[in-house]
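Novice:
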Amino acid sequence: MENLAQNIINGLMMGGIYALIVLGLSIIFGVMNVVNFAHGDFVMLSMYGTFLVATWLNWDAIATPLITFPVMFLVGVITYYILIQPTLREKYVMQIAVTVGLQYLFRALTQIAFKASPRALNFSIIQGNIEIGGLTILSSRLISFAVSLLVIFAVYIFLSKSWAGKAIRAASDDLDVASLVGVNYHRTYAITFGLGTGLTAVAGGLLMTFQQVGPLMGMSFGLLSWVVLAMAGLGSTSGVLISGLIVGVAESLAIAYWDPRARLLVVYMLFILVLWIKPRGLFGRK
Amino acid sequence: MRYQLTPKTIFLTIGLLLALILPLLFGKNQYTTLLATNVLLYATLGTAWNIIGGMGGQFDLSAGAYLGIGSFVVGTLLIRFGFSPWITMFLGALIAVGLSLMVGLPLFRFKVREVWYALASAALVEVLRVLFIMWEEVGGATERFLPMYYDDFSKFTHMRFSSYVPYYYILLAMLIFAYLVNVRIRKTRLGYSLLALSEEEDAAAVLGVNVRLSKIKALMTYAFIVGLVGGVDVCIKGNLHASSFNAVQSTEVAILGIVGGIGITHGPLLAALFMVSIRELLRAQLGGGMEGLYMVIYAVVLILIAIFRPDGIAGILESIYNRIKPKISEENNGRLSDA
Amino acid sequence: MADYPMLKVESLTVKFGNLAAVNHVSFEVEKGEIVGLIGPNGAGKTTCFNAITGLISPHSGNVFFEGQKIVGVLPHVICKMGMSRTFQVIRAFKDMTIREAIRVGAYNRTAEKFVDSKVNEILEFTGLKNQAEKKCADLGLATLRRIELARALATDPKMLLLDETGAGLNASELDEFMTLLHKINTDRGVTLCVVEHIMQMVMGICQRIFVLDSGELIASGTPEEIGSNNRVIEAYLGKREGL
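Residue numbers (our numbering), protein chains in the order written: chain P, 1 to 286; chain E, 1 to 339; chain F, 1 to 243.
1) I320(E): buried (16+ other C-beta within 10 angstroms of its C-beta) or exposed?
2) Whose C-alpha, out of Y81(P), I8(P) and G15(P), is nearest the C-alpha of T188(P)?
3) Identify, in the order they occur along the chain, each residue of the same chain with its Cβ nearer than 7 Å to the Cβ of L34(E), setting aside the five sequence neighbours on each side.
4) So, helix, strand or coil for M1(E), using DSSP?
5) Taking the straight line between their C-alpha atoms, what separation do you get for C193(F) and T265(E)?
6) For a test of the three-state rule: what should DSSP assign to G221(F), helix, strand or coil?
7) In its own chain, which residues sit with a C-beta less than 6 Å from the C-beta of L221(E), not counting the 5 before and 5 after it?
8) Could you pull out every unbroken alpha helix (DSSP H) segment of at least 4 residues lying fully inside the stretch 140-227 of chain F, listed in chain order?
9) Taking the straight line between their C-alpha atoms, what separation do you get for S179(P) and V31(P)?
10) Would you say the stretch 5-23 of chain P touches the stretch 62-78 of chain P, given that touching needs at least three Cβ pairs under 8 Å?
11) Can you tell me the Cα-Cα spacing of G260(E) and A51(F), whole angstroms?
12) So is V127(E) in contact with chain P if we call contact Cβ pairs under 8 Å?
13) So, using beta-carbon positions, are I38(F) and G54(F) closer together than 8 Å?
14) Mind reading off the beta-carbon distance from V300(E) to L105(P)? Whole number of angstroms is fine, and I expect it under 8 Å.
15) If the criterion is Cβ atoms closer than 8 Å, does the pair M55(E) and G191(E) meet it?
16) Do we get a CB-CB distance below 8 Å when we pair L12(F) with the residues of chain E?
17) Candidates P70(P), P260(P), T110(P) and F51(P): which alpha carbon is nearest L199(P)'s?
18) Would you say K278(P) lies against chain E (beta-carbon separation less than 8 Å)?
19) Using a Cβ-Cβ cutoff of less than 8 Å, which residues in the same chain neighbour A250(P) once the five nearest sequence positions on both sides are dropped?
20) Candidates T143(F), N185(F) and T13(F): which alpha carbon is nearest K158(F)'s?
21) Would you please state the rounded distance, in angstroms, between the beta carbons of V211(E) and F110(E)? I believe it to be under 8 Å.
22) Please confirm whether L123(F) and A132(F) have their CB atoms less than 8 Å apart.
23) Using a Cβ-Cβ cut-off of 6 Å (strictly less than) and excluding sequence neighbours within five positions of I14(E), which residues of its own chain qualify?
24) Would you say N38(E) lies against chain F (beta-carbon separation less than 8 Å)?
25) Comparing the C-beta of V209(E) with each C-beta of chain F, is any distance below 8 Å?
26) If we cut at 8 Å on Cβ distances, does V200(E) have a partner in chain F?
27) Show which residues of chain E have a CB atom less than 8 Å away from the CB atom of D259(P).
28) Is it the case that the Cβ atoms of T13(F) and H59(F) are separated by a distance below 8 Å?
29) Any idea what DSSP makes of S60(F), helix, strand or coil?
30) Using 8 Å as the limit for Cβ to Cβ distance, is P310(E) near chain P?
31) Please classify G182(P): is it buried, with 16 or more other beta-carbons within 10 angstroms of its beta-carbon, or exposed?
32) Return yes when the Cβ of A93(E) is within less than 8 Å of the Cβ of L228(E), no when it is not.
33) Against chain P, which members of the stretch 162-185 of chain E pass a CB distance test of less than 7 Å?
34) When you compare each of V93(P), A146(P), T110(P) and I9(P) to I62(P) by their alpha carbons, which one comes out closest?
35) Taking Cβ-Cβ distances shorter than 8 Å, what residues in chain E pair up with M199(F)?
36) When you compare the CB of I96(P) with every CB in chain E, is at least one pair closer than 8 Å?
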């Protein structure tokens, strides 16, 4: 019994981080109908970035987003202007092509730069265990979960209350009309892309407190993100959170009770299930 | 069908004749023959991809899934029962088609956004890979080796040749087949429907195009061809492993389809020639350690083509040809007037 | 057969979230008519069309085409039944030639063997024959609108919904277009429902007019009746465009 609870808790905590990762993707998708295939690899890059900053500056992983967030924000903005904007007027296939190209570019470059061996950080102030009711939880995971929730909440507030956030939401509503009206939505798009990418920096920092990073991790993060996105649908921050938690738990249970190799399998089956039953996602409003 | 003597037809005919005699030019060099066979393999996959990706406008990343299925059906039946790949490869292709329906039917429904198909197709490959690693009886973590045969007749019936040359011709035949399928589709209702829906799905629908059915037909055709190729591929490689379900390879197929020039039937062949040459050049100059570099180049080329020249290598060549053409006829005219 | 109107829209309601873009709209179109659907921007005209042709699902209400219920039916099936449309924002098949674009529509009711001649016939009828091999990407607005019309005509429709086909055309282009529409109606017997902002066009060719404002049908009648209807005048004066 304890085992089950332990696995569920672990799943929930990872799920929180997944939700954070997908939040950025969901905003980008909602606003400009672009799914950044390279999103999982942005996470991977963020993790490497965290590794570099932490190692060079001797910072704790938790503090790295102070540097990595602005950097990744910029990376997002640049990516938008160079890659996304030119292809917006072309066939959708080309838009996908460009982010797929980016995905492989990142992977290949990282492989060359860091070789195949994974990198990890040795120390973080939030390491150690916590005992709660007979369950042992890595404090790094727990704190990461808490931070994820905080950030998600902060983004939610930002989107609903701030001026920039409202502009982003307006752009999302006017997806079809925007091209007619010819409003300068490019800047909003660029900021959106930057924001979505920047959020991966936070997730990356959190992940590095208890995980290692390898050049090919982008793929599994990518798959997880897409499943969460498919479940969450569009326009709902809470949807992303709940979907993230569900996927996290499903993955955790799959690893524990079926086969560690099957974690992707279960996730994919969830994906297909969602697309069969509710193509608009479980929580989408569109 | 009317045959027009366009420059393209001339090039293709010359290319075909060249392709037919190429292995003879290589002589005993198995390495170059293998290289050429690989070019043909990728060209076939790319040409098949063109049906769903170029004409249908779906960014498919599942070539590895159908390739792997074809490989496993042929490989397993050969290892276990000695069944001839000449027959089982069609079974493999049909099973691949069935698999494609599992993905296509839910994902091509009206109003499901196209990006989900791309994602699902990518995930399909990975999932199959894991499934086959876990499935000990058929797959498993270690490679299974295909049986070898020692007399010419057995080699032929079991498609296990000791030279690459026969495989070269088999794949050449498949490339031609894939090409002809493309041409046929393009001239008929399915082709027009696909091209229309890939540009403006709603407009196509109100003009009577059954969007879902068209996409499914395209997908099934593509899966069939790739499944066939998978059956041949396993015989070439001589071993069977879940790594046949290769996500990177699937992406390469899509890259070929795009870099060649989206929707252009002979595009993937040109792209395959181009890409394999680059890879070989890198390998020769920099050695095996720089494997990652060719992927960087592929990715950059893909991005550049997607942004600047969607008509791809085929389009670039055509532009070059168009620029040279007036100069050629100028020269000819000059000479005529001299005489 | 003649008992049913060609198109019957019954209390159609389309909602986006809580907003009713089309609110309990009802009207009928008889076979062979040319009717107009007008109203200020945002009145819900295109949304109406989208719901009728199956591109979006209405919240409630019904649509009958020749007596058959078409709500929930897919657009291509509706096209097979005999109704097609053009779009307000041009949705050209950019990489195709005019001939190819028209061919897409021609396959709706014409078998492969006869498609070539059908396409030629349409090219002739719509005056696009000389430009048949040009790519749709390179053409001007008036031609593009003509192509949209030709494509839809190639499907052999009994009824066509035309969404702002006159927008952006100059006076002579408009005249030509109106003549073409008339020809389609009289020579080929196609029932037309036209969404338009250009009063000259509406008054010129429509036999009856329906007026929408903020999703509701506020008036219907002949052009003369509508032209002097106070409510209609108010609806327009209250927005940017005038009569």
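Even glycine gets a Cβ: it sits at the ideal position worked out from N, Cα and C.
Specialist: Result, derived from the coordinates:
1) On the second sequence, residue 320(E) is found 320 positions in, with the first residue counted as 1. Label assigned to I320(E): exposed.
2) Position 188 of the first sequence, counting from 1, holds the residue named residue 188(P). Among Y81(P), I8(P) and G15(P), the Cα nearest to that of T188(P) belongs to Y81(P).
3) Sequence index remark: in the second sequence, residue 34(E) carries index 34 (1-based). Cβ neighbours of L34(E) beyond the five flanking positions: Y164.
4) Here the question's residue 1(E) lines up with position 1 in the second sequence. Legend: pLDDT at M1(E) = 44, less than 50; position of this residue unreliable, value from coordinates given subsequently. DSSP places M1(E) in coil when its eight states are reduced to three.
5) By 1-based counting over the third sequence, the position of residue 193(F) is 193. By 1-based counting over the second sequence, the position of residue 265(E) is 265. Rounded to whole angstroms, C193(F) to T265(E) spans 41 Å at the Cα level.
6) As a position in the third sequence, residue 221(F) is number 221, starting the count at 1. Under the three-state reduction of DSSP output, G221(F) falls in the strand class.
7) As a first step, residue 221(E) is located in the second sequence; it is residue number 221 there, counting from the start. What sits at residue 221(E) in the sequence shown is Thr, not Leu. Same-chain partners within the cutoff: I51.
8) Runs found: 141-154, 171-188, 199-205 and 223-227.
9) Stepping through the first sequence from its first residue, residue 179(P) is reached at position 179. Stepping through the first sequence from its first residue, residue 31(P) is reached at position 31. Only weak support is given to the placement of S179(P): the predicted model assigns it a pLDDT of 48, under 50, and the value that follows is read from those uncertain coordinates. When only Cα atoms are considered, S179(P) and V31(P) end up about 13 Å apart.
10) no
11) Residue 260(E) sits at position 260 when you count from the first residue of the second sequence. Residue 51(F) sits at position 51 when you count from the first residue of the third sequence. Going from the Cα of G260(E) to the Cα of A51(F) covers about 40 Å.
12) In the second sequence, the residue the question calls residue 127(E) occupies position 127. Chain P contact via Cβ: present.
13) Counting from one through the third sequence, the residue named residue 38(F) turns up at place 38. Counting from one through the third sequence, the residue named residue 54(F) turns up at place 54. Contact: no.
14) If you number the second sequence from 1, residue 300(E) lands on position 300. If you number the first sequence from 1, residue 105(P) lands on position 105. Right, their Cβ atoms sit about 7 Å apart.
15) Counting from 1 along the second sequence, the entry for residue 55(E) is found at position 55. Counting from 1 along the second sequence, the entry for residue 191(E) is found at position 191. Cβ distance < 8 Å, so M55(E) and G191(E) count as in contact.
16) One-based indexing of the third sequence puts residue 12(F) at position 12. Answer no: the Cβ-Cβ gap between L12(F) and chain E never drops below 8 Å.
17) Within the first sequence, numbered from 1, the residue matching residue 199(P) stands at position 199. It is P70(P) whose Cα lies nearest to the Cα of L199(P).
18) The sequence position of residue 278(P) within the first sequence is 278, counting from 1. The beta carbon of K278(P) does not come within 8 Å of any beta carbon belonging to chain E, so the residue lies off that interface.
19) Here residue 250(P) is taken as the residue at index 250 of the first sequence, counted from 1. Hits under 8 Å: G11, V266, V267 and L270.
20) Translated into positions along the third sequence, residue 158(F) becomes position 158. Ranking the options by Cα distance to K158(F), first place goes to N185(F).
21) If you number the second sequence from 1, residue 211(E) lands on position 211. If you number the second sequence from 1, residue 110(E) lands on position 110. Rounded to the nearest angstrom, the Cβ distance from V211(E) to F110(E) is 7 Å, consistent with a contact under 8 Å.
22) Stepping through the third sequence from its first residue, residue 123(F) is reached at position 123. Stepping through the third sequence from its first residue, residue 132(F) is reached at position 132. Yes. Within cutoff.
23) Position 14 of the second sequence, counted from the first residue, corresponds to residue 14(E). Answer for I14(E): no residue qualifies.
24) Along the second sequence, one-based indexing puts residue 38(E) at 38. N38(E) does not count as touching chain F.
25) As a first step, residue 209(E) must be located in the second sequence, where it is residue number 209. True, the Cβ-Cβ gap to chain F drops below 8 Å.
26) Position 200 of the second sequence, counted from the start, is the residue given in the question as residue 200(E). Val is not the amino acid found at residue 200(E); the sequence shown has Glu there. Yes - at least one Cβ of chain F is within 8 Å of the one on E200(E).
27) In the first sequence, the residue the question calls residue 259(P) occupies position 259. Within chain E, the residues near D259(P) are M134.
28) Residue 13(F) sits at position 13 when you count from the first residue of the third sequence. Residue 59(F) sits at position 59 when you count from the first residue of the third sequence. Going by C-beta atoms, T13(F) is nearer than 8 Å to H59(F).
29) Within the third sequence, numbered from 1, the residue matching residue 60(F) stands at position 60. In the structure shown, S60(F) sits in a strand (DSSP, three-state: E or B).
30) Within the second sequence, the letter at position 310 stands for residue 310(E). Closer than 8 Å: yes.
31) Residue 182(P) sits at position 182 when you count from the first residue of the first sequence. Note that G182(P) has pLDDT 48, beneath the 50 cutoff, so the model's placement of it is unreliable and the number below is only indicative. Burial call: exposed.
32) Start at 1 with the first residue of the second sequence, and residue 228(E) comes out as number 228. Start at 1 with the first residue of the second sequence, and residue 93(E) comes out as number 93. Yes.
33) none
34) Here residue 62(P) refers to the residue found at position 62 when the first sequence is read from its first residue. Of V93(P), A146(P), T110(P) and I9(P), the smallest CA-CA separation from I62(P) is found for A146(P).
35) By 1-based counting over the third sequence, the position of residue 199(F) is 199. By Cβ distance, chain E contributes nothing, its closest Cβ being about 27 Å from M199(F), past 8 Å.
36) The sequence position of residue 96(P) within the first sequence is 96, counting from 1. It does; some Cβ of chain E falls within 8 Å.
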